[in-house]
Amino acid sequence: MVQIRTRFSRKLHMAFASMLLVTLSLAWYFMDSVKWYQYDIQRISKANEALAAYQELSNLTLQELNALSEAVDLGQASGAPDAQRSAARLRGAISRVRQGVAAEMAFIGNTNGIQDLEILVDIERLTEEIISAGGVIRGALEEGRTGDASAELSALRSSGAVGQFNTLVESALQKKEQEALGAEHEAISLAEYITYMLPLFMTILALFTVLLISFFSRNLTRSVSALQEGATAFADGDLDYRIPKLRESEFVRLGEAFNTMARELTNHRAELHEANISLETTILERTSALQETNRKLEAMDSNRRRLLADISHELRTPLTVILGEADIAIRGEGETGSKHREVFQRIRDQADHTTRLVDDLLFIARADSGEPRLKLRSVAISGVLQAVCADFGARAEKEKVTIENPEPDPKAVVLGDPGRLRQVFNILLDNALRYSNPGGKVEIGLSRQGDDIRVTFRDHGIGLTEEEAEQAFQRFYRGSKAEKHARGTGLGLPVAKAIVEAHKGRISLSGKLGEGATATVEIPAKGRLRAVA
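All letters in the sequence shown, in the order written, are residues -6 to 526 by the numbering used here.
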């Protein structure tokens, strides 16, 4: 393939190099012609500017002389033009002539301009003589010396200054006219030459391009047709087709490469068939995994529906009690005040239970949305544990379960919500007592684990399986042994998990069936805990 590309590329490069050379030569030729044409146009412009300046000077000088002659003939000074204004106009014309000649010299860059400057010096000298004589004539006329003014004008004419001035100006005008005409003739000739040669060169370039394309087309058509037939056969699935040996050396290896590709495609087709079989096996495995996931989702949905039923029951029970007690209070016209207080107390207790249930549901929802709304302050964990143990002391004694409270640790301080942390420990201790056997004990541990405060609740009750330990913190989930020991909503551990995670902590549950369970809470110590939103 490398040799094919090298040979074919060499021919292409040579062909395109030739085209590029012809094109660049043509472009250079016409660019140079256009440059000279622009040069001639600028020469014409410069010559015309100098010519116009000379004509202006000639006209102004003639006007000055005519005005002086008229004033002398009339013998009135008022007929003479203003001396300063006339002098300024003549000198301005001289200045414009000088500028035009200098600009032309700078553009053409030859020595002909030096002669123009020498002529201009003589013209300027004669102009100053005319200006000076005009001043004398005006002065004589103003003083009433008409004879002196006439004599001065005659002297100016007889001195030859006027004639010499006219001769020099006419000579300069003729020279500038010839220069302008010469430049114009050159520009016209160059434009005609470009107009004639452009079609000729374009025709040559077109013929060269056609010949080049014909050459490559004739050499490539046979080989490309054979390659196209082979590619069509391969595209139709006939991988047994083989491209015959080509005549052009550039395409011999390319045909061999196509044939090699066909053989490799045959091998790849067999490998692809095997890969499809493997893919089908993988799809079956993934389908089985997806079915297992769906089964778990269905189980979670079942737990959710069961939880909704339990929540409905939990809410309906206190509401039923509240309604019943309210009816008793309404019908009990002869009841004493103490009896009414007992009724209202039971109503309040049921309302508190309902409020706590709703509050737990609301906290979980807010925790899921990232807005747990904690009231943070420094909390001594030992004090909270002592209060929780005191709350459950009577129940533990009634159920004949011993609670082992840890030794107080004054350094075990966290930044948290004391009410919510107490709720977590209440839930964990309540679960430990609920699933403990009579005569058993619940061990509460308090320690430091790195930068965290660790609290453990260990019971020696019925225990739980690994699957139950993994799913215990899932909302709506209740273990298989739960209903045999105590009724609940399935919200206790999820609420505890939400509270602990809101404190940037971790909570876990472990144990074995028949050997008890251990709940572990780890909360960052006060020095490391970040602010909680």
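We put the CB at the ideal spot given by N, CA and C, even for glycine. Computed from a predicted structure; not experimentally measured.
The alpha helix (DSSP H) enclosing residue i, as first and last residue numbers
i      : result
Lys490 : 485 to 495
Ala405 : Element bounds for Ala405: n/a, residue is neither H nor E.
Asp141 : 139 to 151
Ile516 : No alpha helix (DSSP H) contains Ile516, which is instead part of the beta strand (DSSP E) from 509 to 517.
Gly412 : 411 to 427
Option in the options with minimal Cα separation from residue i
i      : options                        : result
Gly93  : Glu122, Asn260, Lys169, Leu134 : Lys169
Ile37  : Leu53, Trp29, Glu177, Ile101   : Glu177
Ala489 : Gly507, Ala512, Leu506         : Ala512
Arg415 : Asp384, Gly443, Asn398, Glu392 : Asp384
Gln167 : Ala45, Lys28, Val406, Ala250   : Ala45
Tyr30  : Leu113, Phe208, Glu185, Ile112 : Glu185
Asn252 : Thr275, Phe227, Thr274         : Phe227
Ala462 : Thr274, Arg349, Ala148, Leu486 : Leu486
Lys393 : Pro431, Leu204, Asp452, Ala20  : Pro431
Asn424 : Leu484, Leu183, Asn398         : Leu484
Trp21  : Gly128, Ile187, Leu113         : Ile187
Met7   : Glu111, Arg78, Ile206, Ala199  : Ile206
Val406 : Ala389, Glu400, His261, Ser371 : Ser371
Ile437 : Ile492, Glu400, Ala43          : Glu400
Val381 : Asp353, Gly363, Leu426, Pro403 : Leu426
Ala224 : Val245, Ala255, Ile197, Arg246 : Ala255
Distance between residue j and residue i (C-alpha atoms, nearest Å)
i       : j      : result
Ala292  : Arg341 : 37 Å
Asp320  : Thr313 : 10 Å
His266  : Gln284 : 27 Å
Val162  : Ser51  : 7 Å
Ala73   : Arg150 : Caution is warranted here: a pLDDT of 48 is assigned to Ala73, below 50, making its placement in the model unreliable, and the coordinate value is therefore given only provisionally. Answer to the nearest angstrom: the Cα atoms are 17 Å apart.
Ser164  : Gln157 : 11 Å
Arg288  : Glu459 : 19 Å
Asp229  : Ala263 : 17 Å
Ala344  : Ile357 : 20 Å
Thr120  : Phe100 : 27 Å
Met(-6) : Ala250 : Residue confidence for Met(-6) is low, a pLDDT of 46 falling below 50, so the modelled location carries little weight; the figure read from the coordinates is stated next. Each residue's Cα considered, the two are about 8 Å apart.
Phe450  : Asn269 : 54 Å
Thr214  : Met12  : 22 Å
Ile516  : Gly443 : 11 Å
Phe530  : Leu174 : Outside the displayed span of the chain (-6 to 526) sits residue 530, for which this structure offers no information.
Ala219  : Glu257 : 20 Å
Buried versus exposed, by CB contacts within 10 Å (16 or more), residue i
i      : result
Ala524 : With a pLDDT of 40 at Ala524, under the threshold of 50, the modelled position of that residue is not reliable, and no figure is offered here.
Ile181 : exposed
Ile446 : buried
Tyr428 : buried
Ala526 : At Ala526 the pLDDT is 34, less than 50, meaning the model places this residue with poor confidence; the figure from the coordinates comes in the next sentence. By the neighbour-count rule (16 or more Cβ atoms within 10 Å), Ala526 is not buried but exposed.
Leu17  : exposed
Thr54  : buried
Ser281 : exposed
Pair within 8 Å by beta-carbon distance, residue i and residue j
i      : j      : result
Ala86  : Glu49  : yes
Leu134 : Ser62  : no
Thr259 : Leu232 : yes
Ile124 : Ala80  : yes
Val377 : Phe337 : no
Leu367 : Gly409 : yes
Leu439 : Gly504 : no
Ala360 : Ala495 : yes
Val65  : Ser152 : no
Range of the contiguous beta strand (DSSP E) that encloses residue i
i      : result
Pro237 : Careful: Pro237 lies outside any beta strand (DSSP E) and carries neither H nor E.
Gln467 : Segment: none, Gln467 is in no beta strand (DSSP E) and carries neither H nor E.
Lys505 : 499 to 505
Ile374 : From DSSP, Ile374 is part of no beta strand (DSSP E) but of the alpha helix (DSSP H) over 374 to 391.
Arg447 : 445 to 452
Val394 : Neither: Val394 is in no beta strand (DSSP E) and is coded neither H nor E.
Ile437 : 434 to 442
Minimum Cβ-Cβ distance from residue i to chain D less than 8 Å
i      : result
Asn419 : Protein chains in the displayed structure number just one, and chain D is not present.
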